[in-house]
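What follows is a set of notes on a single structure, which appears directly below.
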Amino acid sequence: MTPFPATKRKRCPVVWLTGNSGAGKSTLAFGIRDYLNEQTKLESPLHRRVIVLDGDEMRATVSVDEGFSPEDRRRHNLRMARLANLLSEHGFVVIVSVIAPFERVRQEVQDICNPVWVYVKRSNLEAADRPYEPPISPALLIDNDLLSIDEGHTQFKGFLEQIAVIQTSNRVAASAVH
Numbered sequence: 009m010t011p012f013p014a015t016k017r018k019r020c021p022v023v024w025l026t027g028n029s030g031a032g033k034s035t036l037a038f039g040i041r042d043y044l045n046e047q048t049k050l051e052s053p054l055h056r057r058v059i060v061l062d063g064d065e066m067r068a069t070v071s072v073d074e075g076f077s078p079e080d081r082r083r084h085n086l087r088m089a090r091l092a093n094l095l096s097e098h099g100f101v102v103i104v105s106v107i108a109p110f111e112r113v114r115q116e117v118q119d120i121c122n123p124v125w126v127y128v129k130r131s132n133l134e135a136a137d138r139p140y141e142p143p144i145s146p147a148l149l150i151d152n153d154l155l156s157i158d159e160g161h162t163q164f165k166g167f168l169e170q171i172a173v174i175q176t177s178n179r180v181a182a183s184a185v186h
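All residue numbers for the sequence shown refer to our numbering, where the first residue is 9 and numbers rise by one.
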């Protein structure tokens, strides 16, 4: 017997920003979250249905026991994937801003929460103690060597409109107040 009855819910999208430390993932994630939440134009606090799971914040709260070894990074990423999946099933559009440095771990994450992968790139961030394998085929590449912060936000907004994340966040927000 399960403590909670199974319910059929429509999953909201999970968008995972991957890229080396310092590439601009968090800046992009929080800026887009604020933009999407503002677009709903609702008075109720229930409208805030877009959530960011930021790697640094998560390490300071739910992954305090993890270090930076490859296995610790794997466990941290899988923990974020499970949390993103749960929030998605509960009606949140989830933007994950976590490095996810290894392709094999990104495959495991894919199996858990099926995110849309966005590669946030910036050159000259490589370091021996911070290995990073660029994704093979991300849905979007935001090259912060070539774009300003505003241009990166504009590119990301356009992409989210294409994959209907913006419409989804507005629909979810509207249904939360009815």
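Beta carbons: idealized from backbone N, C-alpha and C, even for Gly.
Neighbourhood of residue i by C-beta distance below 7 Å, restricted to the same chain and skipping five residues each side
i	result
M88	L61, M66, V104, V106
A37	L25, V60, D62, I103, S105
R90	I120
L133	N28, S29, G30, A31
P139	P109
K33	L25, G27, S105, V128
N152	A31, G32, V128, K129, R130, G160
One or two residues paired with residue i in a DSSP bridge
i	result
V106	DSSP lists no partner for V106.
Y127	T26, L149
D62	S105
Whether residue i touches residue j by CB criterion (8 Å)
i	j	result
I144	E116	no
S71	V22	no
Q163	I150	yes
Nearest-angstrom Cα separation, counted from residue j out to residue i
i	j	result
T35	R19	25 Å
M9	H98	Confidence at M9 is low in this model, with a pLDDT of 47, below 50, so the placement of that residue should be treated as unreliable; the coordinate-derived value is given next. About 21 Å.
L168	E79	32 Å
D158	A92	26 Å
Q118	V124	9 Å
D64	S77	16 Å
G75	P142	21 Å
L94	S156	33 Å
8 Å contact criterion, which residue i and residue j should meet: CB distance rounded
i	j	result
A108	V126	Not quite, the Cβ-Cβ distance comes to about 11 Å (not below 8 Å), so this is no contact.
Own chain partners of residue i with C-beta closer than 6 Å, once the 5 adjacent residues on each side are dropped
i	result
V113	R82, N85
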